[in-house]
Amino acid sequence: MAQRHPTDHMTEPASGERAARSSGEAAAKPAPSTSGEIAHVSGAAIVYRLSDVGYGIRLDQALDLLATSAPERVRPVRGEGQAIQIPNPPITVVLGTEIMAVQEWRLEVEVSARIFDFGVISLRVRIPTPGELSWREFTDFGTAVDDPAVVHELFEQHLRLLMSRIAPAIDRPEVAPVTEDYIVYRVNRLIGTAGETLSTDALRDVDVVPLLLNEQRPLSADARRELLPHRFSYYADDLALLTWNNALVVEPALHDTDVQFILEFANAQLLELRYYDALLDAELPLMYDRIANTRSQRVAFLGRGYAPMLGQLQTFVADSTELVERVENSLKVTDDVYLARVYSATLEIFRGPAWRAGIDRKLRIIRETYAMLQGEAQAGRAEALELSIVLLIVAEIVMALIRG
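Numbering (the working numbering), first residue to last: 11 to 414.
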């Protein structure tokens, strides 16, 4: 049975440990071999399911509600992580362990969650490899894990339990139909045929396409360049290969999960953009129907029929704009360092700017419609006022004629 693993806890290491990672102590360890064929790998697959559960979550209150589970406020732990500014760090909490069947193995998996203040809960299931596997076996293991049915029931159960625990801290609780799934294949060690530790250069001779893209037929060189262009390394023994649905992260330091943290944060932001884009798509036709219905009523002549609609549109635009801005400002990059480049590349892969542009365009349509209705209502009131003045003048003339 696989043992519980501390890799995805995001605990803060001691400053001496961080310094040893980048200087003296790390230099005392044997350097990874720069050549050789991969015989075995060891690691895990971390499966993510992100859900929007409300307008916002008060993290300080959620910390108190989860106190018995020892929740943590987490940030990147690397030195260059200081270039990542997070005004309101999310909460990480371990929810327990479960037994899961993966292929012929029954593995002990760890379930945890990360809670974001903009209303997103990210559930994670860490599935360790059953010992050391060949690259082909690791690929088959990853393919088996990349099946929504494997973890769907587990995610549903833990989401319900977690929401019930933090319900008082959730503003306007409602689980959105839009979810975001992602998998990080974590490799802690690349082992050569002689048992030596290999550098990440050994992966250049390995076909990662079946693992990351789930394609069994060989891809052309052009397709590989187009689909796998995002490759990042900071140390000689780490690597991050990013795609739309998953990522391969090679990192021998068990406590270092900064790349996973950045990928998870970007997925949470993507989920919110997708959710509000879908919300606006649903709102636009409803708005047009309400306008047509109001115009068919006589009261629209005086502009009074538009008052409830104008109030609803104003509230909707304000809420949407405020939350989207809060999501985008939840993580800021202040310098072009390794983690910042990973974050920027992830947003590019997720087409974050395109999603935001679509949301801005739809919000602009609603604002223009609001201005049009407001102008129409004012024109109706002005027309009624002019008619009243004309009627009063006519009445005065008639009364003067009668008196004469």
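Even for Gly, the Cβ is constructed at its ideal location relative to N, Cα and C.
Buried or exposed: residue i, going by 16 or more other Cβ atoms within 10 Å of its Cβ?
i	result
G129	buried
T332	Per the sequence presented here, residue 332 reads as Glu, with Thr not at that position. Looking at its Cβ environment, which holds fewer than 16 other Cβ atoms inside 10 Å, E332 is exposed.
G53	buried
M297	buried
E120	buried
L209	The sequence as given places Ser at residue 209; Leu does not occur at that position. S209 should be labelled buried.
L117	buried
I403	exposed
I10	The structure shown does not extend to residue 10, since the chain spans only 11 to 414, so no value can be given for it.
P158	exposed
G321	exposed
A433	Residue numbering for the chain in the displayed model covers 11 to 414; residue 433 lies beyond these limits and cannot be assessed.
A263	buried
P295	exposed
Which residue's Cα is closest to the Cα of residue i: the options?
i	options	result
G205	L411, A49, M409	A49
L221	V400, R214, L258	L258
L164	I109, M409, L69, R196	I109
Y195	R377, R136, E338	R136
A123	I101, T107, P138	I101
T207	V87, I359, D247	D247
E293	S330, V188, V121	S330
I369	L402, E335, I359, A392	E335
P99	R366, A364, N339, I375	N339
T267	L280, N255, A250, Q279	A250
R68	Y286, G362, I180	I180
V63	R366, I399, V408, R170	R170
N256	N277, A233, A177, Q113	N277
L60	R85, R284, V197, V84	R284
T344	I412, A93, S398, P239	A93
P239	D70, A328, H162, T253	T253
R182	Y65, V188, Q167	Y65
Q113	S174, V160, N224, R351	V160
E236	R227, L223, Y245	L223
R366	A288, S398, P86	A288
E142	A350, V51, S174	V51
L341	S144, P97, A328, Y244	P97
R351	V327, P318, I399, Y244	Y244
T450	Y58, R227, R234	Shown here, the chain extends from 11 to 414; a query on residue 450 therefore has no answer.
R175	A355, V269, P318, Q71	Q71
Using 8 Å for Cβ pairs, my map puts residue i next to residue j. What's the rounded Cβ distance?
i	j	result
F242	Y348	7 Å
S132	E282	Their Cβ separation, rounded to whole angstroms, is 12 Å, which puts S132 and E282 out of contact at 8 Å.
R146	I56	Incorrect: roughly 21 Å between the Cβ atoms, too far for contact.
A212	L229	Rounded, the Cβ-Cβ distance is 20 Å, inconsistent with contact.
Y286	L323	No, Y286 and L323 are not in contact; Cβ-Cβ is about 15 Å, not under 8 Å.
E47	G202	7 Å
V216	Q279	Contact flag wrong, Cβ pair sits at about 31 Å.
H162	L105	That pair is no contact at about 16 Å.
I need the straight-line Cα distance from residue i to residue j, nearest angstrom please.
i	j	result
R371	E82	38 Å
I357	R300	It is worth fixing the name first, because residue 357 is Leu in this sequence and not Ile. C-alpha separation (whole angstroms): 36 Å.
Q388	A394	10 Å
F126	E261	25 Å
D291	R88	40 Å
F271	E184	25 Å
L383	R374	14 Å
I359	R391	51 Å
L76	A177	11 Å
I407	E396	17 Å
D232	T325	48 Å
V103	P140	25 Å
A410	L401	14 Å
R197	R377	Looking at the sequence provided, one finds Val at residue 197 rather than Arg. One C-alpha to the other measures close to 49 Å.
T149	V218	8 Å
N303	A405	35 Å
V84	Q95	12 Å
R214	R361	27 Å
L172	D156	24 Å
A154	A111	10 Å
R413	E386	40 Å
L73	E225	42 Å
G91	T78	29 Å
H265	P86	11 Å
D191	E166	13 Å
A328	R227	49 Å
W115	S144	16 Å
A186	S398	50 Å
Exercise for the section: Jot down the residue ranges of each uninterrupted beta strand (DSSP E) in the segment 128-157, minimum 3 residues, whole runs only, in chain order. Expected result: Listed in chain order, they are 130-138.
Subject >> Every unbroken beta strand (DSSP E) inside the segment 235-320 [3 residues or more] >> reply: For the segment 235-320, the continuous beta strand (DSSP E) assignments of 3+ residues that do not extend past its boundaries occur at 249-252, 256-260, in sequence order.
**OP:** Report the residue ranges of all alpha helix (DSSP H) runs contained in full by the segment 59-94; include only those spanning at least 4 residues, in chain order.
**Re:** Secondary structure remark: continuous alpha helix (DSSP H) runs of at least 4 residues inside the segment 59-94, in chain order: 69-75.
Q) Fully enclosed by the segment 180-236, which alpha helix (DSSP H) runs are 4 residues long or longer? A) List check, alpha helix (DSSP H) in window: 219-222.
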